[in-house]
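Structure, as structure tokens:
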Amino acid sequence: MDKAKRKAIIAGNWKMNKTPSEATALLNEITPLVKDADCEVIACVPYVDIAAAVEAAKGTNVKIGAENCHWAESGAFTGEISTGMLKEIGVEYVVLGHSERRQYFGETDETVNKRTKAALAAGLKPIVCVGELLWERECDITEEVIARQIKLDLWDVTEDELKNVVIAYEPVWAIGTGKTATSDQAEEVCAFIRAQLAKLYNQAAADAVTIQYGGSMNDGNADELLSKTNVDGGLIGGASLVAEKFAAIVKAASK
Ligand code: PGA
Numbered sequence: 010m011d012k013a014k015r016k017a018i019i020a021g022n023w024k025m026n027k028t029p030s031e032a033t034a035l036l037n038e039i040t041p042l043v044k045d046a047d048c049e050v051i052a053c054v055p056y057v058d059i060a061a062a063v064e065a066a067k068g069t070n071v072k073i074g075a076e077n078c079h080w081a082e083s084g085a086f087t088g089e090i091s092t093g094m095l096k097e098i099g100v101e102y103v104v105l106g107h108s109e110r111r112q113y114f115g116e117t118d119e120t121v122n123k124r125t126k127a128a129l130a131a132g133l134k135p136i137v138c139v140g141e142l143l144w145e146r147e148c149d150i151t152e153e154v155i156a157r158q159i160k161l162d163l164w165d166v167t168e169d170e171l172k173n174v175v176i177a178y179e180p181v182w183a184i185g186t187g188k189t190a191t192s193d194q195a196e197e198v199c200a201f202i203r204a205q206l207a208k209l210y211n212q213a214a215a216d217a218v219t220i221q222y223g224g225s226m227n228d229g230n231a232d233e234l235l236s237k238t239n240v241d242g243g244l245i246g247g248a249s250l251v252a253e254k255f256a257a258i259v260k261a262a263s264k
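Numbered per the numbering used here, the sequence shown spans residues 10 to 264.
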């Protein structure tokens, strides 16, 4: 399958930004700018913004995502949010295993895997984030790190479920730092991820998976990054909070 047949997906990751009223205002700016997009457009927003975001995106081509979910259906997990809660409120996608969760909140490949399985079982589409630290790249173990994350994070995910999985390659050293991976570096690792998927599943299943790049992607570098064969979209942090910049990235993915 060639790139043109894969679904291009541009997803904003708002992180811990915007109150509900601010979320409505930003989506009201974004939605008219991306209405003719020839790719999937998603805004992943903080939990408390979801209701307002779903309302603001109603009748538009923008889908709303969450930034995490728990693996249990319910129970004694103070402060957590279940997949059922997200489903009912109108969420379609969920970011899982973001490096900030791994770095600051003790997320491991095991918990990313549990969340991924739960999201899929609930009919949510997980955007599973993988990526190496700077020192791991310097030690030349990027491929080992990525192979391990892919294998563990997708452990026990069936070939059928894989159709609903999006992978985001986010080199940790490029997130929020203004340091973008070069398009060749992004392509190299995204192609490696696809090769790992082919090994774990098969080539056809791997070819159908949307693989995003994330890490300081913006309106200035999106064209170049998205021109690469195995870069099918972007997970956008900082630039997703500025409507014009986000819309420019969506436009680049629509070509
Ligand atoms: P950034 O964040 O675009 O601000 O680097 C990307 C991300 O963390 O998903």
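Beta carbons are placed, not taken as given, at the ideal position from N, Cα and C, and that holds for glycine.
With a cutoff of 8 Å on beta-carbon distance, E49 and A252 are scored as not near each other. Cβ-Cβ distances below 7 Å link K96 to A131, G132, L133 in the same chain, with the five nearest sequence neighbours on each side left out; the list follows chain order. Secondary structure of C199 (DSSP, three-state): helix. Collapsing the DSSP output to three states places I19 in a strand. Within the stretch 101-133, complete beta strand (DSSP E) segments of at least 3 residues are found at 102-105, given in chain order. Counted as a single uninterrupted DSSP element, the alpha helix (DSSP H) harbouring E152 occupies residues 151-162. Taking 8 Å as the upper bound for CB-CB distance, V175 and Q221 are in contact here, some 6 Å apart. Taking non-hydrogen atoms of the ligand PGA into account, the C-beta of N26 is found less than 7 Å away from none of them. Sorting S83, A66, V103, T92 by C-alpha distance to the C-alpha of A75 places V103 at the top. Beta-bridge pairing by DSSP links L250 to no other residue. If you draw a straight line from the Cα of W144 to the Cα of K260, it comes to about 34 Å.
For H107, the distance from the CB to the nearest heavy atom of the ligand PGA is below 7 Å. The beta carbon of G88 sits no closer than 7 Å to any heavy atom of the ligand PGA. Between the C-alpha atoms of G140 and C148 there is a straight-line separation of about 14 Å.
Spanning the alpha carbons of S83 and T167 requires a straight line of approximately 24 Å.
Under a 10 Å Cβ-count criterion, T151 is classified as buried, with 16 or more other Cβ atoms of the shown protein chains found around its own Cβ. Cβ-Cβ distances below 6 Å link K12 to T238 in the same chain, with the five nearest sequence neighbours on each side left out; the list follows chain order. Annotation for V54: W23, A32, A62 place their beta carbon closer than 6 Å to its own, counting only its chain and skipping 5 residues before and after. Straight through space, the alpha carbons of I19 and D169 are spaced by roughly 23 Å.
Under the three-state reduction of DSSP, T219 is assigned to strand.
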